[in-house]
Every structure is written in C-alpha cells, then in structure tokens.
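A.B. asks: I am attaching a structure below and will ask some questions about it afterwards.
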Amino acid sequence: MPLVVAVDGPAGSGKSSVSKEVARQLGYGFLDTGAAYRALAWHAEASGIDTDDAASVVSSLPSFAYRIGTDPAGYAVHVGEVDVTTAIREPHISAIVSRVAKVPEVRTHLIELFRGIMADERHPGIVVEGRDITTVVAPDAPVRILLTASEEVRIARRSAELVDVPAEYTGEQLRRRDEADAKVVDFMTAADGVTTVDSTELDFDQTVEAVIGVIRAAQ
Ligand code: C5P
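Okay, structure coming up:
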C-alpha cells in the first residue's frame, strides 16, 4: 500500500494545485477527489439528468465511466472517451456539484473507487485531496493535513484563476458551495491528529514547502 497523504480543505484553499506539486516533487501519485464529484456532475448534466433529483443521480452511477489520472504531470480526467479536465472547472459545474456530492449513494460509490486507486502500487505514495479524506476516506493515513486560508484570500485566489468571471460572483458561489458542502462533512476544523497548514500568509511555494515539511516530519 503506498504511503497515503490525506489533504482536506475548503474551496479555494489551494488544495489541488499544492497537492499536485507536492506529489510531483516527491514522485508520488495525486488524486483529486473533487474532480470525480465534478465529473459526475458533468456526466449527469450531459445525460440530461435533473441534479436536484437524487434518485436520478443514483441511477446514472452505473453508466458513469470515469477515469482520473494519478500522475501529477499527465493529469487528466475522462468520462467515457471525453476529456473533461477543463470542462469540469466551469462555474456552472461548480454551481451544481454539491447537489450530487450530498447524495449518500454517490459518496459510497466514489469512496470505493478512491480506495481502489489509493491501493495502486504504481507510486511509493499518493497525495489524496478533498473534503473528507482525513476523516472518512483515509482516517488511518499516516499523514493527514487540513489546508486552510482566510475566506478573503480564498476568494481572491479563485478570482485570479477565473479571469473572465466577476469577483463578486466567484465570492458568492464559493461561500454558497462551502455552506452546502459543510452540511455533508466538516472540513473547516481539524479532526484529532490532523495537522493544520494555514496558507493565508504563505505564497504557493511556501505552502508546498510547509506540506512537504509535515510529510517529512511524519516519516
Ligand atoms: O475540491 P473541489 O472544489 O474541486 O470539489 C468539488 C466539489 O466536490 C465540492 O464542492 C464538494 O461538493 C465535492 N467534494 C466532496 N468530497 C470530497 C471532494 C469534493 O463532497 N472529498
């Protein structure tokens, strides 16, 4: 079993980009679990499924042929033969993803897939990031981190990524998504034994360094 580094945190905390870079520097695999929930939201939308109807979302699971890369360099997400790596980052997917993520059958289904990917021996370690990795998906992982940043900084970072979307819209959407997601799983407070890395005052490289520091300290 590869060494699992579990990283949780709210939207815009830099989890994905930081985790991917940490994985690259350590020669580890990288699993972005949010991308799987996003891919399912994309799949449901592409199949004409009402994402407010939990039963319809559940009925779409058997046809959800999702593939996610674990190599940080060649990272891509596919649904069937379609490369959805970019499409799943669109604001309209961010707006609906919490609806599919709150369905218990969806979570059970995806968590099983994640555990299969985590057990893949291809990499010496794997950085797995999301909302419930430190608490539900891999509570026994030897390294568990909560990556946080102030709401103001998170909105500013997300706005910088989405250059053609007004900052107020991004802020409103991020707040609404955190609120919806927090009803399903608590990712704002560190569970017992989880190390908090607050990146509010850190730039990208310093955050990567801080996370690698936590991993080294645990070895
Ligand atoms: O991390 P990201 O913002 O891409 O996640 C997209 C969505 O996927 C979250 O807003 C949340 O609804 C869901 N998610 C989840 N559990 C995870 C990862 C993501 O419910 N472990």
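Quick note on numbering: the sequence shown equals residues 1 to 219 in UniProt numbering. C-beta: ideal position from N, C-alpha, C; glycine also. Please read these numbers as outputs of a predicted model, since none were measured by experiment.
Go to I215, then tell me how far its beta strand (DSSP E) extends in each direction, as first and last residue.
C.D. replies: Along the sequence shown, one-based indexing puts residue 215 at 215. Where I215 is concerned, there is no enclosing beta strand (DSSP E), although the alpha helix (DSSP H) it sits in stretches over 204 to 218.
A.B. asks: Any heavy atom of ligand 1 within a distance shorter than 6 Å of the CB on R177?
C.D. replies: Here the question's residue 177 lines up with position 177 in the sequence shown. R177 Cβ: within cutoff of ligand 1.
A.B. asks: On the criterion of 16 or more Cβ atoms from any shown chain inside 10 Å, does R154 qualify as buried, or is it exposed?
C.D. replies: For the purposes of this step, residue 154 is taken as the residue at position 154 of the sequence shown. Burial call: buried.
A.B. asks: Judging by CA-CA distance, which residue of A156, G34, G171, E172 is the nearest neighbour of Y66?
C.D. replies: Residue numbering aside, residue 66 sits at position 66 when the sequence shown is read from its first letter. Between Y66 and the set A156, G34, G171, E172, the nearest pair of CA atoms involves G34.
A.B. asks: For T135, tell me which candidate among V194, P104, H109, V4 has the shortest Cα-Cα distance.
C.D. replies: For this step, residue 135 is matched to residue 135 along the sequence shown. Among V194, P104, H109, V4, the Cα nearest to that of T135 belongs to V194.
A.B. asks: Flag Y66 as yes when its Cβ comes closer than 6 Å to any non-hydrogen atom of ligand 1, and as no otherwise.
C.D. replies: Here residue 66 corresponds to residue number 66 of the sequence shown, with the count starting at 1. No, ligand 1 has no heavy atom inside 6 Å of this Cβ.
A.B. asks: Indicate whether V7 and I145 have their beta-carbon atoms separated by less than 7 Å.
C.D. replies: As a working note, residue 7 is residue 7 in the sequence shown. As a working note, residue 145 is residue 145 in the sequence shown. Yes, these two residues count as a Cβ contact at 7 Å.
A.B. asks: Here's the rule: buried if 16 or more other CB atoms are within 10 angstroms of the residue's CB, otherwise exposed. What is P72?
C.D. replies: Counted from its first residue, the sequence shown places residue 72 at position 72. Answer is buried; the Cβ neighbour count reaches 16.
A.B. asks: If you measure from the CB of V18, is any heavy atom of ligand 1 nearer than 6 Å?
C.D. replies: On the sequence shown, residue 18 is found 18 positions in, with the first residue counted as 1. Not so, every heavy atom of ligand 1 lies at least 6 Å from the Cβ.
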